[in-house]
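Engineer: What follows is a single structure, and I will ask about it in a moment.
Protein chains: 2
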Amino acid sequence: MPQPTKTVTAGAAPALRRAIEVLDLLGSVHEPMAAADIARELGIPKSSAHGLIATMMEYELVIRGVDGRIRLGPRLMRWAGGFLGQTNLVSEFEHYFAGATELDDYTITLTVLEGREVVYIACHNSGQPLGLTFRIGMRLPAPYTATGKAQLSTISAGELERLFAEPKDWPAPLTHLGVGSLEQLSAELDAVRRNGYSIDAGQVREGMVCLGAPIKDHSGRALAGIAVSMIRSEATGPLLEALGERIRCAADTLTHRLGN
Amino acid sequence: MPQPTKTVTAGAAPALRRAIEVLDLLGSVHEPMAAADIARELGIPKSSAHGLIATMMEYELVIRGVDGRIRLGPRLMRWAGGFLGQTNLVSEFEHYFAGATELDDYTITLTVLEGREVVYIACHNSGQPLGLTFRIGMRLPAPYTATGKAQLSTISAGELERLFAEPKDWPAPLTHLGVGSLEQLSAELDAVRRNGYSIDAGQVREGMVCLGAPIKDHSGRALAGIAVSMIRSEATGPLLEALGERIRCAADTLTHRLGN
DNA sequence: TGGCTCGGTTCAGTATATTGAACTAAGTTC
DNA sequence: GAACTTAGTTCAATATACTGAACCGAGCCA
């Protein structure tokens, strides 16, 4: 009975799978696409794409612009609102940092891990210019961000390997400091586990330093990550260590408040 | 050939339709559900729900909590980010109101119309307590909100009737001031078209007054709505009129900046 | 403890969703 | 302005996804 091929069981709800692919595609290119382009890009028959997109339009998952091209629709915002409302992560985050006045001058962010990327679900941008304003819904490559490394430090070596073994799995570096190998990443994650907090020193943006820590579920796996960001010139040794402790402590408190 | 029943063509991509229903359901109840509950609630066979949910979990559209119950997953945030990034509505909004310092003390919101509701896609909450903090992803019934009325004022009478003809179509009022009939609403929308801005005086929250205006596309149909909110005691006649003009002017400018 | 309820999972048969091919229409090029 | 390319749409035939029924297993109550 050899059938060990881990084929992705492509035999259930194909319409749904394809719809997901369409939405991912539209989300990754940053402009609308013609229906025929979508079909070509995904390698599905034109007629199938046609029917699928018609149904998706009916529900406003996608909308057709004035030029006839397809773009993401507002229904997606409704679901995102449901996700944010269902998890109390965001409200706990808001509440906690509303009370942490000594961090008021820093930019604080909350993300969830999504594949090889982190997605920002809450942001407190301080007045201080970092060369980057975090926004809800924004995505960045996990291995370069502080929140991403914090979350990756809680998954198993096997899972990590599955995510980042191949060079093609690696997102393009954002600065010349981007890590590039599984060994390097996994050594760094060891350090994260030892210290209790993660560091991104200029891997996302030149001149920006971020410290992150994971919020964990009952099993110890990361549910989300938080980070504090500052400009490089401010990131002196003692302050860095103090803030690292601070963010680790914040993550632990939030982990606890969420019942874990 | 009598087959005039506008049956919702339930013969295309049923898996997708059902997945949408599942996500809507999970988004509307504010807690996780057991798979069997979902099947019962939607009136679909248990086995179908099982297969569907398995596929949805594979893509992290939904996730299974520690108690085995199903909740919305983080993938939805990614799509929302795509939607927000694709439209420059949000960035134009941010940019415009960042420069409008005379409105700094007011709460300003941006919504899109989604069926009978508006969804908040950007919010500037002022310090002033309104008894309600607007949050991204939040939904409110369109006919009670200023942004909703502003957007409804741009659709045809026929469409309006299709949305709100039946009493059962009306969302539950949020305060004792909620409108309740199509006639009343449509008279109010006439006034909105005359004045150029819409008013919600205590229909969303007792003691809160909001003024809204529509951002339009090339055809004159609303693309989004913006509103300014204040507490009732502040909403004196002259100020109200000035702010109404201001928000209408802001909406027109944004309409123009978006190329319409 | 033993029976019962209810959630989750599996599987073969059939109702039906997908698709290849054919067609229209609109833009583009020479 | 005519030929060509390409997007959008339609439809019957068939490959296949959904379903009903049956099977586990855990929790609950008497």
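Here the protein sequences line up with chains A and B, keeping their order. The first sequence lines up with residues 1 to 260 when you count with UniProt numbering. The second sequence lines up with residues 1 to 260 when you count with UniProt numbering. For each residue, glycine too, the CB sits at the ideal point set by N, CA and C.
1) Grouping DSSP H, G and I as helix and E and B as strand, with all else coil, what is Thr154 (chain B)?
2) Within 8 Å of any Cβ in chain B, is that where the Cβ of Ala15 (chain A) sits?
3) Mind checking Ala213 (chain A): buried by the 16 CB within 10 Å criterion, or exposed?
4) Give me the Cα-Cα distance between Tyr106 (chain A) and Asp190 (chain A), rounded to the nearest whole angstrom.
5) I need the straight-line Cα distance from Ala222 (chain B) to Val112 (chain B), nearest angstrom please.
6) With a cut-off of 8 Å, do at least 3 Cβ pairs link the stretch 90-101 of chain A to the stretch 114-125 of chain A?
7) Can you give me the C-alpha to C-alpha distance between Glu102 (chain A) and Gly127 (chain B), rounded to a whole angstrom?
8) How would you list, in chain order, the residues of chain B whose beta-carbon sits under 7 Å from the beta-carbon of His30 (chain A)?
9) Does the CB of Ile155 (chain B) have a neighbour CB from chain A at under 8 Å?
10) Can you confirm whether Pro74 (chain B), when its beta carbon is compared against all beta carbons of chain A, has any partner nearer than 8 Å?
11) Are Glu161 (chain B) and Ala142 (chain B) close, meaning C-beta to C-beta below 8 Å?
12) Cα-Cα, which of A:Leu240, A:Glu166, A:Gly68 and A:Trp79 is closest to Ser181 (chain A)?
13) According to DSSP, is Thr133 (chain A) part of a helix, a strand, or is it coil?
14) Is it right to say Thr249 (chain B) is buried, meaning 16 or more other beta carbons lie within 10 angstroms of its own, or is it exposed?
15) Does the beta-carbon of Ala54 (chain A) have 16 or more other beta-carbons within 10 angstroms, so that it is buried, or is it exposed?
16) Select from B:Ala39, B:Val228, B:Asn88 and B:Ala15 the residue whose C-alpha is nearest the C-alpha of residue 261 (chain B).
17) Please state whether DSSP places Ala165 (chain A) in a helix, a strand or coil.
18) For a test of the three-state rule: what should DSSP assign to His124 (chain B), helix, strand or coil?
19) As a quick exercise: from A:Gly220, A:Ile38 and A:Leu185, pick the residue whose alpha carbon is nearest that of Thr255 (chain A).
20) Among B:Ile199, B:Gly27 and B:Leu258, whose alpha-carbon lies nearest the alpha-carbon of Arg242 (chain B)?
21) Quick one: list the residues of chain B neighbouring Thr55 (chain A), beta-carbon separation under 8 Å, in chain order.
22) Could you name the residues that DSSP lists as bridge partners for Leu72 (chain B)?
23) Going by the CB atoms, is the gap between Thr175 (chain A) and Gln203 (chain A) shorter than 8 Å?
24) Anything in chain A within Cβ reach of Arg71 (chain B), meaning under 7 Å, just list it in chain order.
25) Ile226 (chain B) touches chain A at which residues, Cβ-Cβ below 7 Å?
26) Rounded to the nearest angstrom, how far is the Cβ of Ile63 (chain A) from that of Gly73 (chain A), given a contact under 8 Å?
27) For chain B, check one thing: does any of its Cβ atoms lie closer than 8 Å to the Cβ of Gly81 (chain A)?
Structural biologist: So, from the data block:
1) coil
2) yes
3) buried
4) 26 Å
5) Roughly 9 Å between the two C-alpha positions.
6) yes
7) 19 Å
8) Gly85 and Gln86
9) No, Ile155 (chain B) lies away from the interface with chain A (no Cβ there is under 8 Å from its Cβ).
10) At least one chain A Cβ lies under 8 Å of Pro74 (chain B).
11) In this structure, Ala142 (chain B) does not lie closer than 8 Å to Glu161 (chain B) by Cβ.
12) A:Glu166
13) coil
14) Note on identity: in this sequence residue 249 (chain B) is Cys, with Thr being the wrong assignment. By the neighbour-count criterion, in which a residue is buried when 16 or more other Cβ atoms sit within 10 angstroms of its Cβ, Cys249 (chain B) is exposed.
15) Burial call: exposed.
16) The requested residue 261 (chain B) is not part of the displayed model; chain B covers only 1 to 260.
17) coil
18) strand
19) A:Gly220
20) According to the sequence provided, residue 242 (chain B) is Ala. The question's Arg does not apply to it. Of B:Ile199, B:Gly27 and B:Leu258, the residue nearest in Cα terms is B:Ile199.
21) Ala12, Ala13, Leu16 and Arg17
22) For Leu72 (chain B), which the question treats as bridged, DSSP gives the partners B:Val62.
23) yes
24) Gln86, listed in chain order.
25) Neighbours of Ile226 (chain B) on chain A: none; closest Cβ ~15 Å, over 7 Å.
26) 4 Å
27) yes
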